[in-house]
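Taking it in order: structure first as structure tokens, then the write-up.
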Amino acid sequence: MARILIVDDAKFMRVTLSNILQKGDHEIVGEAENGTQAIQLFEELSPDLVTMDITMPEMNGLDALKAIKNKAPQAKIIMCSAMGQQKMVVEAIEAGAKDFIVKPFEESRVLEAINRVLG
Numbered sequence: 001m002a003r004i005l006i007v008d009d010a011k012f013m014r015v016t017l018s019n020i021l022q023k024g025d026h027e028i029v030g031e032a033e034n035g036t037q038a039i040q041l042f043e044e045l046s047p048d049l050v051t052m053d054i055t056m057p058e059m060n061g062l063d064a065l066k067a068i069k070n071k072a073p074q075a076k077i078i079m080c081s082a083m084g085q086q087k088m089v090v091e092a093i094e095a096g097a098k099d100f101i102v103k104p105f106e107e108s109r110v111l112e113a114i115n116r117v118l119g
């Protein structure tokens, strides 16, 4: 069972992801709605894994990813993106993201990505 931090500005998306992950026997240790909160919670909670939305207010997922990887190079982060954000996904992978999942979330794909990254 992994301890997971969910980062997404849409409450609906956090709830959806949370339900999928809990079905997969993972524990949700925290939720953040922007990059600034994500960095803060990452430091407080030291989760095993972070799911990070790309497009968010205040600080986007790409900047938050870079900030977290800077402080904790071992951090496991999976990006969540809507269709048509390929360029940002490539940038995120180059910046150290381990994988990405596309919205709308497909349960089997989400769990597969999580388990592969935790592997």
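Numbering (the UniProt record's numbering), first residue to last: 1 to 119.
Beta carbons: idealized from backbone N, C-alpha and C, even for Gly.
- Closest option to Gly-35, judged by alpha-carbon separation, among Glu-94, Lys-66, Asn-115, Arg-109: Lys-66.
- Remark: C-beta atoms of Val-15 and Ile-78 do not approach each other more closely than 8 Å.
- The beta-carbon separation of Glu-33 and Asp-9, rounded to 5 Å, stays under the 8 Å limit for a contact.
- Around the beta carbon of Phe-12, a 10 Å sphere encloses fewer than 16 other beta carbons of the protein chains shown; the residue is thus reported as exposed.
- In this structure, the beta-carbon distance from His-26 to Met-56 does not fall below 8 Å.
- Under the three-state reduction of DSSP, Met-1 is assigned to coil, being neither helix nor strand.
- For Phe-100, the enclosing beta strand (DSSP E) stretches over residues 99-102.
- Per DSSP, reduced to three states, the secondary structure at Ile-78 is strand.
- Annotated three-state conformation of Gly-35 is helix, per DSSP.
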